[in-house]
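Here's the structure we're looking at; comments come further down.
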Amino acid sequence: MDRSRRIIRTSIIGIAVNLVLVAFKAVIGLATHSIAIILDAVNNFSDALSSIITIIGTKLANRRPDKKHPFGHGRIEYLTGMLIAVIVLIAGLTSLKESVEKIIHPEEASYTVVSLIIIAVAVAAKFFTGRYVKSVGEQINSQALVASGSDAYFDAILSLSTLLAAVLSLAFGWKLEGVLGALISVFILKAGVEMLLDTLNSITGTRADPELSIALREKVASYEGVHGAYDLLLHNYGPTRTIASIHIEVDDDMRAREIHRLTRRIATDVYEEFGIVLTVGVYAANDSDDEAVEMKRRTEEIVKQYPEILQMHGFYRDAEQTRIMFDLIIDFAADGQAICSEVYRQVSEAYPDYRIDVVLDSDFSD
Numbered sequence: 019m020d021r022s023r024r025i026i027r028t029s030i031i032g033i034a035v036n037l038v039l040v041a042f043k044a045v046i047g048l049a050t051h052s053i054a055i056i057l058d059a060v061n062n063f064s065d066a067l068s069s070i071i072t073i074i075g076t077k078l079a080n081r082r083p084d085k086k087h088p089f090g091h092g093r094i095e096y097l098t099g100m101l102i103a104v105i106v107l108i109a110g111l112t113s114l115k116e117s118v119e120k121i122i123h124p125e126e127a128s129y130t131v132v133s134l135i136i137i138a139v140a141v142a143a144k145f146f147t148g149r150y151v152k153s154v155g156e157q158i159n160s161q162a163l164v165a166s167g168s169d170a171y172f173d174a175i176l177s178l179s180t181l182l183a184a185v186l187s188l189a190f191g192w193k194l195e196g197v198l199g200a201l202i203s204v205f206i207l208k209a210g211v212e213m214l215l216d217t218l219n220s221i222t223g224t225r226a227d228p229e230l231s232i233a234l235r236e237k238v239a240s241y242e243g244v245h246g247a248y249d250l251l252l253h254n255y256g257p258t259r260t261i262a263s264i265h266i267e268v269d270d271d272m273r274a275r276e277i278h279r280l281t282r283r284i285a286t287d288v289y290e291e292f293g294i295v296l297t298v299g300v301y302a303a304n305d306s307d308d309e310a311v312e313m314k315r316r317t318e319e320i321v322k323q324y325p326e327i328l329q330m331h332g333f334y335r336d337a338e339q340t341r342i343m344f345d346l347i348i349d350f351a352a353d354g355q356a357i358c359s360e361v362y363r364q365v366s367e368a369y370p371d372y373r374i375d376v377v378l379d380s381d382f383s384d
């Protein structure tokens, strides 16, 4: 079963469970005058609505690429997550308002053994549903399903708290409905904010997963003829579509035919292993040139004076054009332009007959 069908099937299961819980909790809440149970029912209804939105978002995100959207529509899943987060926040604010009113003007809640049993069943249902939904989400890298599953776990804990409050009310007459409702509201708001931040980060663009970037770089650098892999960039166009680019360093006397075969093989192997569309660029290395090797060593000594410089790569000395070229990766926290200018000055003083080309790279990936 493909990814989109699994998301839809899992979401439908979540909708069914939540609608059943809404009906049970609404009846019990109205019958017992329990604001906490009623708010819990509202929360289950918002969960069902979120699952419906997840299905719609999955359908839209799964559309084929077109001329206007050549990278596909996968990022719609992130917009779907943002909409779900907003719904959760609205539900949290509404329930908080109702709970505060209940604290100010409390009403007597009357529980029965049957109502308590039904609440206990609801706790178990939410727990197992959450476990299932979250596990599927982790398997297929769906933020929406992982969030829904985590939220269901959380609902189970809150429903368990409601059950505890009901028992305390029957045993000691304590009126904790409004307080518990407010507590539930706060947790709902917290979950909504976290969901919103996660989706905003996905849309804005975050640093690539270190394990993935390191594994990908090591894979590319392992090929015969490749002296190093640099400048890895990963662009996410949805949970299942990633486009990347990387530079490899090869001998400057390698023929175009050999470079073509090598880069094609790398791109094909990376796609088969990682599912990533990779573009491979080339740096030339003249390590067989003793003078160039000495120039590189001296330049590295200059670079080592600056701990903010994370890496120097792509060094090449072009004797015919009297040019020295290299790239620097500088920590985001440092003034990259100032450090780059200082390195340029020192290398220029060391080799006044050469034109120095320094490219300032960013620390995009590990």
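One gets the working numbering by counting positions in the sequence shown from 1 and adding 18 to each.
For every residue, glycine included, the Cβ atom is placed at its ideal position computed from N, Cα and C.
Should residue i be labelled buried (16 or more other beta-carbon atoms within 10 Å of its own) or exposed?
{"i": "residue 29", "result": "buried"}
{"i": "residue 164", "result": "buried"}
{"i": "residue 146", "result": "exposed"}
{"i": "residue 182", "result": "exposed"}
{"i": "residue 109", "result": "buried"}
{"i": "residue 34", "result": "exposed"}
{"i": "residue 20", "result": "exposed"}
{"i": "residue 190", "result": "exposed"}
{"i": "residue 187", "result": "buried"}
{"i": "residue 122", "result": "exposed"}
{"i": "residue 194", "result": "buried"}
{"i": "residue 86", "result": "exposed"}
{"i": "residue 356", "result": "exposed"}
{"i": "residue 359", "result": "exposed"}
Between the C-alpha atoms of residue i and residue j, what's the straight-line distance to the nearest angstrom?
{"i": "residue 274", "j": "residue 97", "result": "44 angstroms"}
{"i": "residue 197", "j": "residue 288", "result": "55 angstroms"}
{"i": "residue 155", "j": "residue 252", "result": "22 angstroms"}
{"i": "residue 364", "j": "residue 294", "result": "40 angstroms"}
{"i": "residue 279", "j": "residue 262", "result": "19 angstroms"}
{"i": "residue 219", "j": "residue 75", "result": "18 angstroms"}
{"i": "residue 227", "j": "residue 292", "result": "13 angstroms"}
{"i": "residue 370", "j": "residue 342", "result": "11 angstroms"}
{"i": "residue 44", "j": "residue 38", "result": "10 angstroms"}
{"i": "residue 250", "j": "residue 311", "result": "25 angstroms"}
{"i": "residue 69", "j": "residue 166", "result": "8 angstroms"}
{"i": "residue 385", "j": "residue 157", "result": "The displayed coordinates of the chain run from 19 to 384. Any statement about residue 385 would go beyond what the structure contains."}
{"i": "residue 160", "j": "residue 153", "result": "10 angstroms"}
{"i": "residue 221", "j": "residue 229", "result": "21 angstroms"}
{"i": "residue 223", "j": "residue 231", "result": "15 angstroms"}
{"i": "residue 42", "j": "residue 36", "result": "10 angstroms"}
{"i": "residue 48", "j": "residue 131", "result": "15 angstroms"}
{"i": "residue 225", "j": "residue 248", "result": "16 angstroms"}
{"i": "residue 319", "j": "residue 329", "result": "12 angstroms"}
{"i": "residue 185", "j": "residue 192", "result": "9 angstroms"}
{"i": "residue 88", "j": "residue 60", "result": "40 angstroms"}
{"i": "residue 290", "j": "residue 50", "result": "59 angstroms"}
{"i": "residue 313", "j": "residue 73", "result": "59 angstroms"}
Output needed for residue i: all residues of its chain with C-beta closer than 7 angstroms, excluding positions within five of it in sequence on either side, in chain order.
{"i": "residue 90", "result": "83, 255, 256, 259"}
{"i": "residue 180", "result": "54, 55, 58, 137, 198"}
{"i": "residue 281", "result": "298"}
{"i": "residue 174", "result": "141, 144, 145, 148"}
{"i": "residue 352", "result": "326"}
{"i": "residue 270", "result": "302, 303, 304"}
Is the separation between the beta-carbon of residue i and that of residue j shorter than 8 angstroms?
{"i": "residue 140", "j": "residue 177", "result": "yes"}
{"i": "residue 333", "j": "residue 376", "result": "no"}
{"i": "residue 300", "j": "residue 264", "result": "no"}
{"i": "residue 101", "j": "residue 71", "result": "yes"}
{"i": "residue 244", "j": "residue 211", "result": "no"}
{"i": "residue 40", "j": "residue 66", "result": "yes"}
{"i": "residue 213", "j": "residue 103", "result": "yes"}
{"i": "residue 374", "j": "residue 366", "result": "yes"}
{"i": "residue 170", "j": "residue 95", "result": "no"}
{"i": "residue 354", "j": "residue 216", "result": "no"}
{"i": "residue 78", "j": "residue 207", "result": "no"}
{"i": "residue 340", "j": "residue 372", "result": "yes"}
Please work out which residues of its chain come closer than 8 angstroms, Cβ to Cβ, to residue i, disregarding the five sequence neighbours upstream and downstream, and give them in chain order.
{"i": "residue 31", "result": "147, 150, 151"}
{"i": "residue 283", "result": "241"}
{"i": "residue 350", "result": "380, 381"}
Who are the Cβ neighbours of residue i in its own chain at under 6 angstroms, not counting the five residues just before and after it?
{"i": "residue 327", "result": "321, 346, 348"}
{"i": "residue 81", "result": "91"}
{"i": "residue 296", "result": "262, 285, 288"}
{"i": "residue 62", "result": "36, 39, 40"}
{"i": "residue 117", "result": "196, 199, 200, 203"}
{"i": "residue 317", "result": "365"}
{"i": "residue 22", "result": "76, 80"}
{"i": "residue 324", "result": "357"}
{"i": "residue 64", "result": "105, 109"}
Problem set entry | Three CB pairs or more closer than 8 angstroms across the region 197 to 206 and the region 225 to 243 | In this structure the region 197 to 206 does not touch the region 225 to 243; the number of beta carbon pairs closer than 8 angstroms is below three.
Exercise. Quick one: any contact between the region 334 to 353 and the region 300 to 313, if contact means 3 or more CB pairs under 8 angstroms?
Worked result: Flag = yes, the region 334 to 353 and the region 300 to 313 touch.
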